[in-house]
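Per the working numbering, the very first residue in the sequence shown carries number 39; after that it's consecutive. Glycine included, each C-beta is placed from N, C-alpha and C at the ideal position.
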Amino acid sequence: MSCNCHGKSGAAVTRTSPFDQCSTCAKKHVVKAWCLFNEFLYTDDNRDALSGQLRLTADHLMYDHRDAAVMARDLAIIIEENRDAEITTEWDDLLTAVREAFNSDHPEAGARLEELSQSS
């Protein structure tokens, strides 16, 4: 799938590799995984899909934001091994790490969010 804000360059691309370092792509994948995890009637299909999304998150972060990539991989393993009862702060920690990576790579997005919060 193409990405309209790829990498730090902000260039639109027509082909995206799973190993392209892009916090925008990572954010897209982690948000989808989190939604699948919290969806009603959490099924095996959802588990497989969300595990894959977490692994794609890790791929997009593994060089430029290694700590966040490891968090995504570790959470994927927990999901794959059906060890959900062990989950404590992993989702919150990962979502925070991906947001921080995204905001670091795209400070203009943070500025727009700040403007939106002031106008409300």
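Quick check: the Cα distance between residue i and residue j, rounded to an integer number of angstroms?
i, j, result
"residue 140", "residue 62", "6 Å"
"residue 152", "residue 142", "14 Å"
"residue 201", "residue 119", "It is not possible to answer for residue 201, since the shown part of the chain is limited to 39 through 158."
"residue 149", "residue 86", "36 Å"
"residue 100", "residue 125", "22 Å"
"residue 57", "residue 82", "26 Å"
"residue 71", "residue 157", "31 Å"
"residue 108", "residue 92", "10 Å"
"residue 121", "residue 147", "35 Å"
"residue 127", "residue 51", "35 Å"
Apart from the five residues on each side of it in sequence, which residues of its chain come closer than 6 Å, Cβ to Cβ, to residue i?
i, result
"residue 65", "136 and 140"
"residue 103", "139"
"residue 98", "60, 63 and 64"
"residue 144", "none"
Of the residues the options, which one's Cα is nearest the Cα of residue i?
i, options, result
"residue 55", "75, 106 and 94", "94"
"residue 132", "60, 114 and 145", "114"
"residue 117", "127, 109, 88 and 53", "88"
"residue 69", "90, 105 and 144", "90"
"residue 106", "147, 145 and 134", "134"
How close, in whole Å, do the beta carbons of residue i and residue j come, if the pair is a contact with beta carbons under 8 Å?
i, j, result
"residue 111", "residue 96", "4 Å"
Who are the near neighbours of residue i in its chain, counting only those whose CB is closer than 8 Å to its CB and skipping five residues on each side?
i, result
"residue 129", "72, 75 and 113"
"residue 84", "74, 75 and 77"
"residue 155", "none"
Consult DSSP for residue i and reduce its assignment to one of helix, strand or coil.
i, result
"residue 40", "Because residue 40 carries a pLDDT of 48, less than 50, the predicted location of this residue cannot be relied on, and no value is offered for it."
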